[in-house]
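**Q**
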Amino acid sequence: MILLDQIQHELAALDAKSLRRRRRHAESPSAPRVKVDGRDMLAFCSNDYLGLAAHPKIVAAMQEGADLYGVGSGASHLISGHSRAHALLEERLAEFVSPHLQNARALYFCTGYMANLAVLAGLAAVSGKETELFSESLNHASLIDGAKLSRAKLHVYPHGDVASLGQLLAASTAATKIVVSDSVFSMDGNLAPIPELLALCEEFNAWLVIDDAHGFGALGAHGRGVLEHYNLCSPNLVYMGTLGKSAGVGGAFVAAHADVIEWLVNKARPYIYTTAAPPALAHALLTSLDIIQGEEGQALRANLQALIAQLRRDLKLKRWTLMPSNTAVQPIVIGDNAESLKAAATLYEQGFWVPAIRPPTVPAGTARLRITLSAAHTAEDLAMLIDAVNALEE
Ligand SMILES: *Cc1c(COP(=O)(O)O)cnc(C)c1O
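Heads up: the sequence shown runs through residues 1 to 394, numbered per full-length UniProt numbering.
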């Protein structure tokens, strides 16, 4: 029993620090109004930024996909699991992001987590030990794990600190240099200075890998994400967008020059050694892309922007602080773990589902409420939350 004793001891330590996580059971589709553990709640916690996760047209496309292709892919992409649906989706994605990349090709992955492992390990495999990786300090856990898997020499540069990155790149003699950053920081909501990062990467002949998990679909006039938002195009760019957030379905893609993608297909182990995602998902994503690119997507993004402005205008905080974010991720920093949990619990009792985010997901002493907005929220939904939060701090 000694092994189990160790785990029980560590779990008790998590409890003592208010760090034990528990999962609630959502009993209805992802939407502002959800049933959770038998209760009707107004949710401000999903990454379903455009409200597409239960969109009737995409649900119908998923059903059609199951009729056409069945439910499982049966094998990995390099054996027999690569279906026509996957190929069509990759063509559409490449075409969609092509204004921002040279000779773009796209590669569909089961999850963004795996896509990040594949990109970093795959690019690092080009020159093995001669690779150096320059990673932003607030990068997503999947990029941190991808950096480990790559076995490249790792430099972590301070959050948003372009000057420090420049010094590190200038001092590097590595054969392959890879700079990697989130576009929208998932726990803070702010944007990375991507134009400046890209200028450095072009100057020092480095790849710039951008994780646009929270930007794809939500940012840019057509929803092409952060590269459209900043109007960037470069052969140094490797782009990762996820398809389980704004796109409402699941999976992710990497887009880059066709030769980069060809290399990943041949060398990236997290792509090669896993069963291909169900083709029905890829089929449903074609409809999701239609919506993102079309007029409906534009209207959804406009509503999201209006909600962001409403929150920032009407929230009146005293000790707590709203972080400087213009995206759908709007965190309120409270600081103390227990106080954050208590705030989330009080909101929950009142019918608002807003998660408390604690270390190690965020730095110690910066526990927060993380409000995420969706185009499916109404101004009235948000006004109710704002009133509840304003009353909470008194
Ligand atoms: C969600 C997220 C991922 C992982 O994507 P999944 O498709 O959920 O695995 C990667 N990077 C960032 C910044 C994310 O927020």
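Glycine included, each C-beta is placed from N, C-alpha and C at the ideal position. Remember, predicted model here, so these are calculated numbers, not experimental data.
In terms of residues, what are the limits of the beta strand (DSSP E) holding Gln-330?
**A** Segment 329-335, the beta strand (DSSP E) holding Gln-330.
**Q** What number of angstroms, rounded off, separates the C-alpha of Pro-195 from the C-alpha of Asp-182?
**A** Approximately 13 Å, taken between the alpha carbons.
**Q** Going by alpha carbons, who is nearest to Tyr-273 out of Leu-78, Glu-10, Gly-146 and Leu-315?
**A** It is Leu-78 whose Cα lies nearest to the Cα of Tyr-273.
**Q** Taking 8 Å as the threshold (C-beta atoms), are Ala-258 and Thr-242 in contact?
**A** Result no, Cβ atoms of Thr-242 and Ala-258 do not sit closer than 8 Å.
**Q** Would you list the one or two residues that DSSP bridges to Arg-368?
**A** Beta-bridge pairing links Arg-368 to Val-333 and Ile-357.
**Q** Look at the alpha carbon of Ile-292 and the alpha carbon of His-222, and state the distance between them as a whole number of angstroms.
**A** For Ile-292 and His-222, the distance between alpha carbons rounds to 7 Å.
**Q** Which word fits Asn-337, buried or exposed, when buried means at least 16 other C-beta atoms lie within 10 angstroms of its C-beta?
**A** Asn-337 comes out buried.
**Q** Based on DSSP bridge pairs, tell me the residues matched to Leu-198.
**A** Per DSSP, none; premise fails for Leu-198.
**Q** For Ala-115, which option in Leu-198, Leu-169, Leu-264 and His-100 has the closest C-alpha, if you only look at C-alpha atoms?
**A** Nearest of Leu-198, Leu-169, Leu-264 and His-100 to Ala-115, Cα basis: Leu-264.
**Q** Return the bridge partner residues of Arg-33 from the DSSP annotation.
**A** BP columns for Arg-33 point to Leu-42.
**Q** Identify, in the order they occur along the chain, each residue of the same chain with its Cβ nearer than 6 Å to the Cβ of Glu-27, setting aside the five sequence neighbours on each side.
**A** Closer than 6 Å at the Cβ level, and outside the excluded window around Glu-27, lie Lys-35.
**Q** Less than 8 Å between the C-beta atoms of Leu-169 and Leu-133, yes or no?
**A** Not in contact: Leu-169 and Leu-133 (Cβ atoms no closer than 8 Å).
**Q** Go through its chain and collect everything with a Cβ distance to Leu-149's Cβ below 6 Å, but skip five positions before and after it.
**A** Only Leu-117 and Ala-121 meet the Cβ criterion.
**Q** Starting from the Cα of Leu-317, find the closest Cα among Asn-390, Ser-98 and Leu-208 and give me that residue.
**A** Answer by Cα proximity: Asn-390.
**Q** With respect to the beta strand (DSSP E) encompassing Lys-153, which residues constitute its N-terminal and C-terminal limits?
**A** Element bounds for Lys-153: 153-157.
**Q** Taking 6 Å as the limit between beta carbons, can you name the residues of its chain near Gln-305, skipping five residues before and five after?
**A** If we look at Gln-305 and ignore the five residues flanking it on each side, it has no Cβ neighbours.
**Q** Would you list the one or two residues that DSSP bridges to Ser-98?
**A** DSSP lists no partner for Ser-98.
**Q** Run through the DSSP bridge pairs and tell me what Trp-207 is partnered with.
**A** Trp-207 is bridged to Ile-178.
**Q** Could you pull out every residue in the same chain whose Cβ sits closer than 7 Å to the Cβ of Ala-43, ignoring the five residues on either side in sequence?
**A** Excluding sequence neighbours, Ala-43 sits near Pro-32, Val-34 and Trp-353.
**Q** If you drop the 5 nearest sequence neighbours on each side, which residues of the same chain put their C-beta closer than 6 Å to that of Ser-234?
**A** Correct list, in chain order: Leu-198.
**Q** On the three-state DSSP scale, how would you describe Ala-375?
**A** Coil at Ala-375, not helix or strand.
**Q** To the nearest angstrom, report how far apart Ser-325 and Leu-4 are at their CA atoms.
**A** Each residue's alpha carbon lies about 43 Å from the other.
**Q** Looking only at its chain, what residues have a beta carbon closer than 7 Å to the beta carbon of Arg-319, apart from the 5 residues adjacent to it on each side?
**A** The residues are Glu-393.
**Q** Please state whether DSSP places Met-323 in a helix, a strand or coil.
**A** Of the three classes helix, strand and coil, the one that applies to Met-323 here is coil, per DSSP.
**Q** Report back the beta-carbon spacing between Gln-330 and Leu-322 to the nearest angstrom; my notes put them in contact at under 8 Å.
**A** Gln-330 to Leu-322, Cβ: 7 Å. Contact.
**Q** Roughly how many angstroms separate the alpha carbons of Ala-218 and Ala-299, rounded to a whole number?
**A** For Ala-218 and Ala-299, the distance between alpha carbons rounds to 11 Å.
**Q** Between the region 366-378 and the region 42-56, are three or more C-beta pairs nearer than 8 Å?
**A** Flag = yes, the region 366-378 and the region 42-56 touch.
**Q** If we cut at 8 Å on Cβ distances, does Gln-102 have a partner in chain C?
**A** Within the model displayed, chain C is absent; a lone protein chain is all it includes.
**Q** Would Tyr-239 pass as a contact of Val-254 if the rule is Cβ separation under 8 Å?
**A** Yes; because the gap between Cβ atoms is below 8 Å, this pair is in contact.
**Q** In chain order, what residues place their C-beta within less than 5 Å of a heavy atom belonging to ligand 1?
**A** The set, ordered by position in the chain, is Thr-111, Gly-112, Tyr-113, His-140, Ser-142, Asp-182, Ser-186, Asp-211, Ala-213, Thr-242, Gly-244 and Ala-252.
**Q** Could you give the DSSP three-state label for Val-389: helix, strand or coil?
**A** Helix.
**Q** Quick check on the DSSP output: the beta strand (DSSP E) that includes Val-238 runs from which residue to which?
**A** 237-242 is the extent of the beta strand (DSSP E) around Val-238.
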